[in-house]
Amino acid sequence: MAGFSVIWLMGSGPDRLTVRSKTYWDKDQGGLDPFRIPKRVAKEIEARRSSTGSGEALSHPIRYIWIYVTETGLRQNGGAVDFEETLGLDGWLNVIDECAALGAEWMVVYVGASLSEAPFIWQVCAWAQDVHDLRVGLHLTSNCLSEDDIERLSRLDSEKTYLVADKAHIASLRFLEAKGIRLCEANVLAAERVAHCTKPEEIACVGPDGRLFSCGLVLGDERYAMGDSQHRTLHDVTADESLPHAVTDTAAFPSTGCDACPPLIAKRVLETEAQ
2 MAGFSVIWLM GSGPDRLTVR SKTYWDKDQG GLDPFRIPKR VAKEIEARRS STGSGEALSH
62 PIRYIWIYVT ETGLRQNGGA VDFEETLGLD GWLNVIDECA ALGAEWMVVY VGASLSEAPF
122 IWQVCAWAQD VHDLRVGLHL TSNCLSEDDI ERLSRLDSEK TYLVADKAHI ASLRFLEAKG
182 IRLCEANVLA AERVAHCTKP EEIACVGPDG RLFSCGLVLG DERYAMGDSQ HRTLHDVTAD
242 ESLPHAVTDT AAFPSTGCDA CPPLIAKRVL ETEAQ
């Protein structure tokens, strides 16, 4: 079999395919098993069957995924939370698969101050883009990027990738635009916040341990807990009207907790593209 080369075809929207070499998966994506594709196709078919089995449309269809792949995500609002274990790669890909089956089109990934320290980030983003055609924003809270970070960012689909950064860091990151990496400001303005926010109705927000919350603003607050993505389907969570699908007291939380809110990021991106 010497010299035998394998090419894996990955779906990337209805009109084209992305061709990934075996080296891409073995080396660049940390050995992600390409045979997960047919397995996950079957899983997604089952998810779609579940989501439509009742014959009723979901009252809260998912359009956005907001995930926190680092433990510091739950500390941004002042709460120190310890985890017995965090989601592995399979867990994150399951979340993306389920959300995509429910209609998700955008994903924001909180990575904290360093892309290098975020586990599975490149595999997660590549899967979201190549398999589900999602637009992906990486929320970085610093302006620290290594050469490896920049090179890996460049490997993602430039038409569907955005580095989401604080306003204070945007100027120092402008050089990335010459490399084809798009920037988007993370900070949410006071005028964009409302006391009773219904944006979470369209968001699936998942913490490092797989637990679901209404949105990133209330991540870690048990009053806004919505279950565990590993023990309950996202379709069931979305359909459960007893859960807190809206945040009723946004003023009680730090305004920075709204930064990188996926619906607002999507709005900014689309407005910029329309100019």
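Each residue of the sequence shown is one higher than the one before, starting from 2 at the first, in my numbering.
Idealized CB from N, CA, C, for every residue including glycine.
These numbers were taken from a predicted model, which means no experiment stands behind them.
Can you list, in chain order, the residues of its chain with a C-beta nearer than 7 Å to that of residue i? Leave out the 5 residues immediately preceding and following it.
i	result
threonine 53	Reliability fails at threonine 53, whose pLDDT of 48 lies under 50, so the model's placement of it is uncertain and the value that follows must be treated cautiously. None.
glycine 92	Gly211 and Gln231
cysteine 259	Val189, Arg194 and Leu218
cysteine 198	Ala247, Val248 and Thr251
alanine 192	none
Less than 8 Å separating the beta-carbons of residue i and residue j?
i	j	result
leucine 139	valine 96	no
threonine 162	valine 137	yes
leucine 88	threonine 239	no
aspartate 158	glutamine 130	yes
alanine 196	threonine 251	yes
serine 147	alanine 114	no
isoleucine 66	alanine 105	yes
What residues in its chain sit with their C-beta under 8 Å from that of residue i, if we drop five residues either side in the sequence?
i	result
aspartate 149	Ser117
cysteine 185	Gly138, Tyr163, Leu164, Val165, Ala166, Ile266, Arg269, Val270 and Thr273
phenylalanine 121	Gly31, Val70, Gly89, Leu90 and Trp93
Give me whichever residues DSSP pairs with residue i in a beta bridge.
i	result
leucine 235	For leucine 235, which the question treats as bridged, DSSP gives no partner whatsoever.
tyrosine 69	Tyr111
glutamate 186	Ala166
alanine 226	Phe214
glycine 138	Val109 and Tyr163
valine 248	Cys198
Less than 6 Å between C-beta atoms, sequence neighbours within five positions excluded: which residues of the same chain meet that for residue i?
i	result
alanine 101	His133
cysteine 216	Pro201, Ile204 and Cys206
glutamine 276	none
alanine 261	Val109, His140, Val165 and Ala187
histidine 61	Glu202, Thr239 and His246
glycine 228	Leu213 and Val238
Write down the C-beta distance between residue i and residue j rounded to the nearest angstrom, noting that I regard them as a contact closer than 8 Å.
i	j	result
isoleucine 63	glutamate 203	6 Å
leucine 263	valine 70	Inspection of the sequence shows that residue 263 is occupied by proline rather than by leucine. Not really, about 15 Å apart at Cβ, beyond 8 Å.
Where do the N-terminal and C-terminal ends of the beta strand (DSSP E) with residue i fall, by residue?
i	result
valine 270	Where valine 270 is concerned, there is no enclosing beta strand (DSSP E), although the alpha helix (DSSP H) it sits in stretches over 263-275.
isoleucine 204	204-207
By the DSSP assignment, the alpha helix (DSSP H) with residue i in it spans what residues?
i	result
leucine 94	90-102
valine 125	122-133
leucine 154	148-156
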